[in-house]
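Report on one structure; see the data block that follows.
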Amino acid sequence: DAGVIQSPRHEVTEMGQEVTLRCKPISGHNSLFWYRQTMMRGLELLIYFNNNVPIDDSGMPEDRFSAKMPNASFSTLKIQPSEPRDSAVYFCASSLDLNTDTQYFGPGTRLTVL
Amino acid sequence: RKEVEQDPGPFNVPEGATVAFNCTYSNSASQSFFWYRQDCRKEPKLLMSVYSSGNEDGRFTAQLNRASQYISLLIRDSKLSDSATYLCVVNMLGSSNTGKLIFGQGTTLQVKP
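For the protein sequence lines, the chains are C and R, in the order given.
Mapping of the first sequence onto my numbering: residues 1 to 114, in sequence order.
Mapping of the second sequence onto my numbering: residues 1001 to 1113, in sequence order.
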């Protein structure tokens, strides 16, 4: 069975450019989560959706970050404009629903902003 | 104070050793508890859930102390393949934060031959 799919796996861009990260959750999962991981701050929850609706975006660092989930099988995280401090690994995870404990993580997108 | 706190380590132990990791959480409303494992440059994966009665899975034993808001993970007879970062995770089901996992910074384990 396919797990959570993320693309691209690696992204190198220059400061000021727009970056779009993509995620396909596990089929049948209704909840989707976006995380960011850095050495300094660890794993931080940015935003999560349930049935395609954003539930909590309090972890989104600033207005440069936005996320959408147009349908049950696709979500994007966009950074515009990107800054060097956005460099991190961005993980997408999905779970059956918000009352299910186990979240399954994708392989992550390693973002470097020069 | 961080919501979930762990000793970052690293813990360097020889093969066959027993090692224990501890974790404290600040929100007494927390409902569910887990240990996730993360290998270098990989995604986190669920290792085991933590129940009030304690639970064991092979060489791994997890314990929860709700009164002290403390979680532990014990690894017996450690193997080289146990080398990874272990993340303590808390979920607040039944609250307005339902579904939101809070991750600790992780404890790094290096098992040496």
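Note that the Cβ used here is the ideal one computed from N, Cα and C, for glycine as well.
Using a Cβ-Cβ distance cut-off of 8 Å, the segment 1002-1014 of chain R and the segment 13-21 of chain C are not in contact, since fewer than three pairs of beta carbons, one from each stretch, lie closer than that value. Taking a Cβ-Cβ threshold of 8 Å, none of the residues of chain R is close to C:Phe65; the smallest such distance is about 18 Å. Counting only Cβ-Cβ distances below 9 Å, R:Gln1105 has contacts in chain C at Arg41, Gly42 and Leu43, in chain order. When only Cα atoms are considered, C:Pro84 and R:Ser1068 end up about 40 Å apart.
Under the Cβ distance rule, C:Thr102 counts among the residues neighbouring chain R, one pair being separated by less than 9 Å.
DSSP places C:Thr102 outside any beta strand (DSSP E), giving it a letter other than H or E. Put simply, the backbone Cα of R:Ser1049 is about 9 Å away from that of R:Tyr1036. Excluding sequence positions up to five before and after R:Asp1057, its CB lies within less than 6 Å of the CB of Met1048, all in the same chain and listed in chain order. A direct Cα-to-Cα measurement between C:Ser82 and C:Ser58 gives close to 19 Å. The beta carbon of C:Asp56 sits closer than 9 Å to some beta carbon of chain R. Residues of chain C whose Cβ lies closer than 7 Å to the Cβ of R:Leu1046 are, in chain order, Thr102. Around the beta carbon of R:Pro1044, a 10 Å sphere encloses 16 or more other beta carbons of the protein chains shown; the residue is thus reported as buried.
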